[in-house]
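Just so you know, we're using my numbering here: the sequence shown kicks off at 229 and counts up by one. Notes follow the structure.
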Amino acid sequence: MKLVVVGAAGRMGQTLVRTIAATEGVVLHAAVEREGSPFLGRDAGALAGLGANGVAITDAPLEAFVHADGVLDFTTPASTVAFAGLAAQARIVHVIGTTGCGPEEEARIAAAARHARIVKSGNMSLGVNLLGVLTRQAAKALPAAGWDIEILEMHHRHKVDAPSGTALLLGREAADGRGVDLAGHSVRVRDGHTGARVPGTIGFATLRGGSVIGEHSVILAGEGEQVTLSHSATDRAIFARGAIAAALWARDEKPGFYSMLDVLGLA
Ligand code: NAD
């Protein structure tokens, strides 16, 4: 399968270039960066620490997509919306790992999925998707009246969105388990004299610092006991392997909007 990596000079982009080279059944067809990037023209393999692979980084996505089978996209919300339109036009698979999309961007990506095979997830790893399933089960089993749910995450100092896409994914699973809507029940910030915790809410807490790849805990706190479900990412390759598996899986699917739960058979 011929894959394009967009955002090829980024942390995830370079990891994708390395992971494609180590994976059977996929090849790096093209590498794309934003207009004005200092990495345009550089060899994508050399930049990723592999040695030259002959794929020069370009800022022409449509040209890159036209003879490809899929695109792996860990960039920014605005560029992901633009790539969704181009991938639909080129009729190729679009795997989206970008986080921080607002409701309007989500709607535009979902609209593109009428013509394209899109797999989108705030976390592409097997472990976090399993954690999501376990969170849903725990939230269903433990009554909201006596059990409070808090989601704690930590990421590296360069991360620009909060809470993380993974924390929101876990929040949605917890809300689904309780049969409520996350938007109407989440508490994203606490500061000052907040008053007592409102029963049934799902709280988020965000830590940022150093080079942490991703730490997530779902804390279910009851009267006199506490359950903590957690995941630690120690290598970005887990997300890259998931993204490549998603592209290979989506290749034979009908146009539609899929998640990693579909890819992993956990839906
Ligand atoms: P990064 O800043 O290191 O890389 C992003 C790259 O995208 C940069 O090189 C940037 O120049 C490039 N870019 C921006 N606009 C572009 C455009 N229009 N065309 C081409 N390239 C463009 O960030 P990162 O740490 O690699 O993370 C990227 C995104 O992926 C973030 O939203 C992050 O939260 C998300 N992420 C998701 C997962 C997951 O499993 N879903 C895992 C890790 C990171």
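We put the CB at the ideal spot given by N, CA and C, even for glycine.
Reducing DSSP to helix, strand and coil, say where LYS348 ends up. strand
Review point. Using the beta-carbon count (16 or more within 10 Å), is HIS257 buried or exposed?
Key: buried
Whether VAL299 touches VAL234 by CB criterion (8 angstroms) = yes
Task: beta-carbon MET240 near the ligand NAD non-hydrogen atom, thresh 7 angstroms - done: yes
(message) Which runs of the alpha helix (DSSP H) at least 4 residues long sit entirely within the stretch 309-351? Give them in chain order.
(response) 331-340
- Item | Separation of ASP271 from ASP404, as counted between CA atoms | 45 angstroms
* Contact check, ILE346 vs PHE485, beta carbons under 8 angstroms -> yes
Q | beta strand (DSSP E) segment containing MET382, residue limits | A | 376-383
- Query: How big is the Cα-Cα spacing for ARG436 and GLU263?
  - Reply: 29 angstroms
Assigned exposure category for LYS391 - 16 Cβ within 10 Å defines buried: As written in the sequence, residue 391 is Pro, which differs from the Lys given in the question. The residue in question, PRO391, is buried, as its Cβ has 16 or more Cβ neighbours within 10 Å.
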